[in-house]
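**Q**
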Amino acid sequence: MASILSRSFLMMSLRKSSSLKRIPIVSTRSISSDHQQQDVRPLMLMDIPRTPYPNILLVLKNFVSRAIISGYFDSTFAMKPFCDGTRQAITVVSQLIANGQFDDLPGFVTPEVINEVKQNYGNLSSHQKQLIPVEEREIVFSYPYLIGLIMDEQTNKRMVEITMIFHVLKNPESYRDEMLDGPRNAVSNWISAVKKIRDGIIICNYRFLRDMSSDAQDDSWIITGLNHWLPNEYLQQN
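Using the numbering used here, the first residue of the sequence shown is number 807, and each one after it goes up by one.
Structure (structure tokens):
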């Protein structure tokens, strides 16, 4: 039994990703650009809680949840393979969304996710749509924010829902080059690059759900919620 995306999920990812069209990315290094200022509304795919960073108060809770999963639900479950699988999943799903390929999303996400994302996608500017696709090399940070257990004693159902945080930085190599090869002194280059990195971060929150009941017929994970958003843009709106 796979501990993250099942073999069928991964094979589906490979088949679908091979036919994806890559959206060309223009310079997106500062969210205060003229393009962003012209956007009608902030970047948003679903109205779910915006979670930018890990919560230290949840560390113990997540540890207990992991012990319960490994001890009682699925002895093969491990966080590292799961997290590695989610990085693959976000690259495939985000590219499908960016291309408007909503008919290819079933099996990856729930119908409710497709409906809401499709509706919000239609309200995005062309620049915002360019920010959606994620390449794995652009993920500079990822972390399991919350491991939730859903147990129904009447039906004997055991569901596991894990919320992941991803920090994405477009064209990460350009920041490194600026820090090392810029025309100004090293300290000034470093400070300038750090500010641009801070302003250029895109946060992605994804919720993954799996049925771990003893009679479950499918061991794959499905996405029940997702959002891509810009921290600075969100703060400016509040």
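We put the beta carbon where it would ideally sit given N, CA and C, even for glycine.
All values reported here derive from a predicted model rather than from experimental measurement.
Identify every residue that forms a DSSP beta bridge with Trp1035.
**A** Working through the sequence shown from its first residue, we reach residue 1035 at position 229. Bridge partners of Trp1035: Ile1009.
**Q** From the DSSP output, which residues share a beta bridge with Gly877?
**A** The residue labelled residue 877 in the question sits at position 71 within the sequence shown. DSSP output for Gly877 lists no bridge partner at all.
**Q** At the level of alpha carbons, what is the spacing between Ser994 and Arg982?
**A** Indexing the sequence shown from 1 puts residue 994 at position 188. Indexing the sequence shown from 1 puts residue 982 at position 176. Cα to Cα, Ser994 sits roughly 13 angstroms from Arg982.
**Q** What first and last residue would you give for the beta strand (DSSP E) that runs through Tyr859?
**A** Residue numbering aside, residue 859 sits at position 53 when the sequence shown is read from its first letter. Tyr859 -> no beta strand (DSSP E), and no H or E assigned at all.
**Q** Can you find the residues in the same chain that come closer than 7 angstroms, C-beta to C-beta, to Ser876, ignoring five residues on each side of it along the sequence?
**A** For the purposes of this step, residue 876 is taken as the residue at position 70 of the sequence shown. Only Phe883 meet the Cβ criterion.
**Q** Hey, out of Tyr1040, Phe879, Trp1027 and His933, whose CA is closest to Arg964's CA?
**A** Reading the sequence shown from its first residue, position 158 is the one you call residue 964. Put simply, of Tyr1040, Phe879, Trp1027 and His933 the residue whose alpha carbon is nearest the alpha carbon of Arg964 is Phe879.
**Q** What would DSSP say about Arg847, mapped onto helix, strand or coil?
**A** Along the sequence shown, one-based indexing puts residue 847 at 41. Assigned with DSSP and collapsed to three states, Arg847 falls in coil, not helix or strand.
**Q** In the DSSP assignment, what residue or residues form a beta bridge with Lys963?
**A** Within the sequence shown, numbered from 1, the residue matching residue 963 stands at position 157. Lys963 pairs with Asp958.
**Q** Which partner residues does Arg1016 have in the DSSP bridge list?
**A** Residue mapping note: residue 1016 aligns to position 210 of the sequence shown, counting from 1. Val966.
**Q** Can you name, in chain order, every residue of its own chain whose Cβ lies under 6 angstroms from the Cβ of Tyr949, other than the five neighbours on each side?
**A** On the sequence shown, residue 949 is found 143 positions in, with the first residue counted as 1. Counting only Cβ-Cβ distances below 6 angstroms, and skipping sequence neighbours, we find Pro860 and Ile971.
**Q** If you draw a straight line from the C-alpha of Pro830 to the C-alpha of Glu942, how long is it?
**A** On the sequence shown, position 24 is the one that residue 830 refers to. On the sequence shown, position 136 is the one that residue 942 refers to. Per-residue confidence for Pro830 stands at a pLDDT of 45, beneath the threshold of 50, marking its modelled position as unreliable; no derived number is given.
**Q** CB-CB under 7 angstroms to Glu944, same chain, minus the five flanking residues each way: which ones, in chain order?
**A** By one-based count along the sequence shown, residue 944 stands at place 138. If we look at Glu944 and ignore the five residues flanking it on each side, its Cβ neighbours are Val974, Leu975, Lys976 and Pro978.
**Q** Starting from Lys935, trace the alpha helix (DSSP H) in both directions and tell me its first and last residue.
**A** Within the sequence shown, residue 935 is the residue found at index 129, counting from 1. Ser932 to Gln936 is the span of the alpha helix (DSSP H), which, as asked, contains Lys935.
**Q** Between Ile1029 and Phe914, which are expected to be in contact by the criterion C-beta below 8 angstroms, what is the C-beta distance as a whole number of angstroms?
**A** The sequence position of residue 1029 within the sequence shown is 223, counting from 1. The sequence position of residue 914 within the sequence shown is 108, counting from 1. Indeed, because the Cβ distance is near 6 angstroms, the residues count as touching under 8 angstroms.
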